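There are 2 protein chains.
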Amino acid sequence: MSPKITTELLKHLRQVMKNPRYVQEPVQAYIVPSGDAHQSEYIAPCDCRRAFISGFDGSAGTAIVTEQHAAMWTDGRYFLQAAHQMDSNWTLMKMGLKDTPTQEDWLVSVLPEGSKVGVDPFIIPADQWKRMSKVLRSAGHDLVPVKENLIDTIWTDCPQRPCKPLITLDLSYTGVSWRDKIVALRSKMAERKVMWFVVTALDEVAWLFNLRGSDVEYNPVFFAYAVIGMNTIRLFIDGDRMMDPAVREHLQLDSTLEPEFKIQVMPYGSILSELQAVGAGLSPKEKVWLSDKASYALTEAIPKAYRYLTPYTPICIAKAVKNAAETEGMRRAHIKDAVALCELFNWLEKEVPKGTVTEIVAADKAEEFRSQQKDFVELSFATISSTGPNGAIIHYKPVPETNRTLSVNEIYLLDSGAQYKDGTTDVTRTMHFGTPSAYEKECFTYVLKGHIAVSAAIFPNGTKGHLLDSFARSALWDCGLDYLHGTGHGVGSFLNVHEGPCGISYKTFADEPLEAGMIVSDEPGYYEDGSFGIRIENVVLVIPAETKYNFKNRGSLTFEPLTLVPIQTKMIDVNLLTEKERNWVNEYHQKCREVVGAELERQGRHEALRWLLRETEPLAPAQ
Amino acid sequence: MSPKITTELLKHLRQVMKNPRYVQEPVQAYIVPSGDAHQSEYIAPCDCRRAFISGFDGSAGTAIVTEQHAAMWTDGRYFLQAAHQMDSNWTLMKMGLKDTPTQEDWLVSVLPEGSKVGVDPFIIPADQWKRMSKVLRSAGHDLVPVKENLIDTIWTDCPQRPCKPLITLDLSYTGVSWRDKIVALRSKMAERKVMWFVVTALDEVAWLFNLRGSDVEYNPVFFAYAVIGMNTIRLFIDGDRMMDPAVREHLQLDSTLEPEFKIQVMPYGSILSELQAVGAGLSPKEKVWLSDKASYALTEAIPKAYRYLTPYTPICIAKAVKNAAETEGMRRAHIKDAVALCELFNWLEKEVPKGTVTEIVAADKAEEFRSQQKDFVELSFATISSTGPNGAIIHYKPVPETNRTLSVNEIYLLDSGAQYKDGTTDVTRTMHFGTPSAYEKECFTYVLKGHIAVSAAIFPNGTKGHLLDSFARSALWDCGLDYLHGTGHGVGSFLNVHEGPCGISYKTFADEPLEAGMIVSDEPGYYEDGSFGIRIENVVLVIPAETKYNFKNRGSLTFEPLTLVPIQTKMIDVNLLTEKERNWVNEYHQKCREVVGAELERQGRHEALRWLLRETEPLAPAQ
């Protein structure tokens with residue numbers, strides 16, 4: 023990788039920072055955050071403004087440009103990558119290190135007195151604005167919204183905002199009609215005495231209307247906002263996609279409907295003025311519900327006294343609890359996904375010894391097998407296909423410069439998933455195509471023990487996922503080992519592979535309690551820099567658990583694995599497993615055999631079926 | 023218990039709420055919080071204002087009196103007690119129930135427009151003031167500080183503020199002189215670029231100066247504040263206790279000292295005016311460090327721009343990490359405490375079958391045996407001596423009305439501890455003096471498994487205690503059981519039995535990471551309403567752990583039990599223990615035998631020694 027040369031770009035940006043055409047008053051600093059106007063994790067090319075100005079295209083990073091400096095804040099995952107991708111105009115600010123200043127503190131230290139710090143109010147979340155603005159103000163500076171995005175003004179070949187056709191999902195996929203979702207939402211609004219709800223997250227808009235799109239890679243979403251009143255529905259969306267008869271039919275745009283279910287379609291760009299009009303017309307006690315992570319621009323459209331902000335929206339919470347149709351869809355999707363992976367691993371077992379399979383080839387092959395499955399749409403994230411030392415790079419994605427050839431001497435880690443019309447998958451398996459060392463097996467077995475500890479955990483209704491995180495680490499901790507990422511994240515139903523409000527991580531405290539129907543990943547790991555990476559990931563469904571007693575009638579929960587892909591027994595040191603753990607592995611493999619075996623049979627994939635049967639033999643007893 | 027008749031008192035309070043002698047403007051509501059001016063958990067009789075005005079004397083509760091209403095907020099532990107102790111003038115607000123309004127919301131719902139809500143600014147913590155004041159202001163009301171405490175104006179027979187003699191602790195107890203503690207504190211202040219530190223918590227003042235007192239029952243503290251500058255030390259304390267030659271010598275009040283170690287002794291009541299003077303004399307960038315839980319009055323004394331507020335003070339954090347002298351003292355204290363409990367349990371075993379031992383008798387006997395030990399000062403909290411159904415009341419304290427007789431048919435739970443000059447103890451043992459049922463043994467064994475899971479846990483340096491909480495519950499959860507309290511709290515060294523900033527609880531996220539030298543309790547339990555309570559509690563010391571590997575060179579920690587009292591093997595269902603757990607019990611009992619056995623021998627307590635030897639026989643093997 024050679025760094026992007028940014029000298030001219032920065033010069034240009036510094037000019038527009040003083041250009042009265044774009045700024046009311048000159049700004050002495052301009053902040054370029056990572057996100058888009060919907061606080062999305064994955065963003066469209068037209069929103070990759072930070073990558074454009076700096077060259078650094080990792081998933082997390084904030085650039086700040088002043089008259090003298092250009093600085094980039096990113097975290098440990100990206101120190102190396104950012105250093106490679108940025109030229110000497112940029113200073114790398116390594117977040118998480120003790121001596122690294124926060125963005126606010128750094129600004130205070132470099133700015134002349136009474137400076138203005140500009141930022142696009144659509145890109146910065148309201149909670150972050152509040153925090154930053156407070157520190158700057160107390161040091162005599164001002165955080166100011168700059169209406170026109172200054173990067174866009176200098177980005178001459180900026181790609182267009184995508185505006186791809188929509189997919190309509192019928193009841194067999196969603197289980198609940200968009201009308202019933204609106205009814206449920208309005209009842210939550212009534213409970214909180216709120217008159218309006220503003221839907222800003224892309225996956226929330228998609229879920230609410232039972233629509234999907236492909237405006238953003240890997241996430242089946244489309245650019246839109248919605249504003250739901252007690253008697254009105256406004257959908258802000260661009261392009262001729264609303265002309266599609268299937269979409270019109272699905273949204274009943276041309277039907278005679280009760281007025282409260284009539285959807286008013288409005289231009290995407292009119293959200294701010296429409297919301298300002300709502301804000302201006304509020305009577306006392308009429309509150310407007312927004313996520314506290316909604317953009318500063320939209321939050322400011324509602325006068326402070328009328329705002330009702332929560333960290334998780336009612337849609338985010340409802341979306342997380344999958345209904346029967348969604349759960350069944352997720353099961354189907356995971357069976358198909360398992361078929362594809364059985365094909366892949368059977369193929370790899372034959373091909374790897376020939377020395378011709380690179381990480382990229384393996385990733386492509388995985389996609390090829392997945393794309394053969396019914397209702398396949400696209401991948402759910404960039405495949406992490408990594409062998410040997412590359413496996414220790416937790417967010418690795420093979421590129422030609424790093425592409426390594428799989429061999430019988432190294433551990434191979436594949437973290438991949440797909441979007442099917444009936445569900446989203448995300449699975450990690452760690453394999454050895456030769457003979458693993460005793461140490462590799464030992465580490466793998468600790469990770470497996472952690473995986474089982476979470477998967478088999480029984481816990482009371484109302485337990486938050488973060489309370490289960492240590493179960494995944496206990497076996498590693500006993501030997502002085504650990505891994506530096508959370509254990510699990512929420513998974514959408516043909517939606518984003520990462521979604522709130524639940525998860526399993528020591529890093530959060532504000533997750534919502536787990537409840538039956540939620541779906542999360544269970545993915546402990548162990549990584550040895552320069553040597554190998556191990557991760558074992560299943561997507562699991564929260565289900566009620568039968569217990570001997572029932573304290574305070576609370577009821578208990580546990581997990582059912584949706585992912586049904588064999589865990590390589592060759593990597594397991596059976597002597598390190600308890601009897602309960604051995605039984606877990608054998609029962610899991612028995613289920614893979616039955617369920618995925620039947621599907622492989624049905625699809626006539628006999629060789630992959632033989633591979634499955636071989637890989638799911640019961641474990642040898644401990645010695 | 024008959025309720026306190028409060029009609030006249032409330033009438034009187036409502037009069038002073040309008041009396042210009044006490045309030046600048048009439049207040050329409052007056053808040054009476056639980057605490058004292060130091061946010062203490064245990065308070066002196068003169069600070070029990072909420073109990074005085076309402077009759078309800080539980081440890082947690084906030085009273086609010088308006089012209090029409092009198093309402094009391096308390097939590098689930100105290101619903102019954104509060105209902106019994108308060109007359110019909112009072113409405114009980116059951117915190118934690120869904121329909122119970124917050125204090126702010128309730129005030130907004132009952133107050134006439136534009137009301138003033140009064141509170142003693144010395145009693146309300148600054149963070150709570152901020153929260154309340156915000157809600158009230160947004161509803162058009164005002165939270166106002168009422169300088170004179172209105173309860174004190176009507177409390178004609180209010181006890182005097184205690185002012186008892188001080189105890190000086192020499193280096194053999196504290197390990198570090200107060201001068202070195204001041205030096206360390208000033209270096210922390212310099213690190214944070216802070217010029218002043220205000221010590222408001224009583225245990226922090228006591229720790230800093232290596233002094234102890236007895237102004238508050240169970241907590242060896244004394245009423246005082248301190249303000250530490252980079253070159254000055256001010257101690258605010260009343261009474262002639264500063265005339266005690268031992269104290270003068272200890273604080274070197276009459277010696278020629280470098281000026282920066284010269285302690286200026288000032289009246290307790292002058293803290294506010296002195297702090298205001300400090301506040302008025304600050305130059306730009308001179309910050310003053312306070313706990314964010316310091317009183318509103320003291321926090322307001324410092325102009326906002328000059329405040330540096332943190333949830334944990336540097337003293338709180340330094341105090342939690344015990345040095346070698348303190349650790350050794352804690353070990354000694356726990357051995358003496360174990361001697362007393364061996365005597366007690368031996369005595370109970372003989373006496374209980376006679377049917378003459380009540381909960382109060384047993385508690386008194388425990389105190390008697392403890393008081394025979396060297397350097398005994400007082401109990402460290404009110405003894406929880408509870409048999410049968412009383413054991414299920416987690417914060418039970420026997421009183422004549424509830425006093426139950428111990429028998430061979432019920433489980434007995436004793437949670438007790440003492441202050442010795444060399445350390446603080448806190449231990450819970452659950453015993454059966456007859457034959458426990460299979461169910462009782464089953465529950466006891468799950469609790470024991472949880473206790474061991476925490477005690478034997480190995481975890482990386484930097485781990486916060488709350489991440490260990492689920493280990494204590496896992497065995498209970500597996501069977502659908504749980505307990506509704508945290509698993510552990512920090513323990514002071516001849517100081518408060520509950521101290522921050524560490525602990526083991528699912529309820530917090532803001533605890534400081536555990537480090538070697540910290541001391542916490544490990545006390546899972548199981549409670550069956552109306553039947554029995556089980557809790558097994560040791561005080562444990564955080565120590566470095568040897569592990570096979572050492573990921574990222576972080577090092578690992580584990581716990582060493584300081585409490586050395588046998589865990590009744592009669593209550594254990596050995597078949598439910600793993601081999602590792604059986605070994606843990608046997609090794610623990612072996613240590614009790616050796617260490618406490620030697621001390622019993624030394625003290626010539628031969629009968630108790632025989633009891634100890636009997637109770638620490640290795641467990642029978644599982645069948």
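Chains as they are written, first to last, in my numbering: chain P, 23 to 645; chain A, 23 to 645.
All C-beta atoms, glycine included, are put in the ideal place defined by N, C-alpha and C.
This one's a predicted model, so the numbers in the text were calculated from it and none came from an experiment.
- Annotated three-state conformation of C501 of chain A is coil, per DSSP.
- Two segments are said to touch when three or more pairs of C-beta atoms, one from each, lie closer than 8 Å; by this definition the stretch 310–325 of chain A touches the stretch 137–151 of chain A.
- By the rule that beta-carbons nearer than 9 Å mark a contact, S236 of chain P does not touch chain A.
- Within the model, the alpha-carbon separation for T335 of chain P versus G522 of chain P is close to 10 Å.
- The beta carbon of L165 of chain P sits closer than 6 Å to those of V139, M154, S155 and L158, all from its chain and outside the five residues before and after it, given in chain order.
- When C-beta atoms of the stretch 548–561 of chain A are compared with those of the stretch 460–479 of chain A, three or more pairs fall below 8 Å, so the two segments count as touching.
- Of all residues in the stretch 553–571 of chain A, only A567, E568, T569, K570 and Y571 place a beta-carbon less than 9 Å from a beta-carbon of chain P.
- Shown here, I357 of chain P sits in a helix according to DSSP, grouped into three states.
- Taken in chain order, the members of the stretch 484–510 of chain A whose beta-carbon sits within less than 9 Å of a beta-carbon on chain P are T485, K486, H488, L489, L490, D491, S492, F493, R495, S496, L498, W499, D500, C501, G502, L503, D504, Y505 and L506.
- For Y100 of chain A, the secondary structure class from DSSP, reduced to helix, strand or coil, is helix.
- Rounded to whole angstroms, A567 of chain P and E282 of chain P show a C-alpha spacing of 41 Å.
- Taking the Cα positions, K443 of chain P is about 34 Å away from Y549 of chain P.
- Separation of E47 of chain P and K40 of chain P (C-alpha to C-alpha, rounded to the nearest whole angstrom) is 7 Å.
- Under the 9 Å criterion on CB atoms, P482 of chain A is classed as interfacial with respect to chain P.
- Spanning the alpha carbons of M217 of chain A and K574 of chain P requires a straight line of approximately 52 Å.
- Rounded to the nearest whole angstrom, the C-alpha separation of T29 of chain P and S76 of chain P is 10 Å.
- In the same chain as F101 of chain P, and ignoring 5 residues on each side of it, the C-beta atoms closer than 6 Å to its own belong to K116, in chain order.
- Here L506 of chain A is exposed: its Cβ has fewer than 16 other Cβ atoms, across all protein chains shown, within 10 Å.
- Around the CB of M252 of chain A, fewer than 16 other CB atoms lie within 10 Å, so the residue is classed as exposed.
- By the CB criterion at 9 Å, A355 of chain A and F516 of chain A fall inside the cutoff.
- Put simply, the CB of F144 of chain P is far from chain A, with every gap to its CB atoms at 9 Å or more.
- In this structure, the straight-line span from the alpha carbon of L490 of chain A to that of N483 of chain A is close to 13 Å.
- Scanning chain P for C-beta atoms nearer than 7 Å to the C-beta of Y334 of chain A yields nothing, as the closest lies near 17 Å away.
- Counting other Cβ atoms within 10 Å of its Cβ, S199 of chain P stays below 16 and is therefore classed as exposed.
- In the structure shown, R43 of chain A falls within a coil segment according to DSSP collapsed to helix, strand and coil.
- Along the length of the stretch 95–183 of chain P, whole alpha helix (DSSP H) runs at least 4 residues long occupy 101–107, 125–132, 148–160 and 172–176, reported in chain order.
- Between L193 of chain P and G235 of chain P, the CB-CB gap reaches or exceeds 9 Å.
- At a beta-carbon threshold of 7 Å, the residues of chain P lying near Y528 of chain A are L489, ordered along the chain.
- Within the DSSP bridge table, the entry for R451 of chain A names A:L436 as partners.
- Residue range G547 to E550 is occupied by the beta strand (DSSP E) that includes E550 of chain A.
- Three or more Cβ pairs drawn from the stretch 216–231 of chain A and the stretch 298–312 of chain A lie within less than 8 Å of each other, which places the two stretches in contact.
- Going by DSSP, H507 of chain P is part of no beta strand (DSSP E) at all; its letter is neither H nor E.
- DSSP, reduced to helix, strand and coil, places M252 of chain P outside both helices and strands of the structure shown, so it counts as coil.
- Counted as a single uninterrupted DSSP element, the alpha helix (DSSP H) harbouring V469 of chain A occupies residues A460 to S477.
- Straight-line measurement puts the Cα of I337 of chain A at about 10 Å from the Cα of D225 of chain A.
- In this structure, W95 of chain A sits away from G514 of chain A, with a CB-CB distance that is not shorter than 9 Å.
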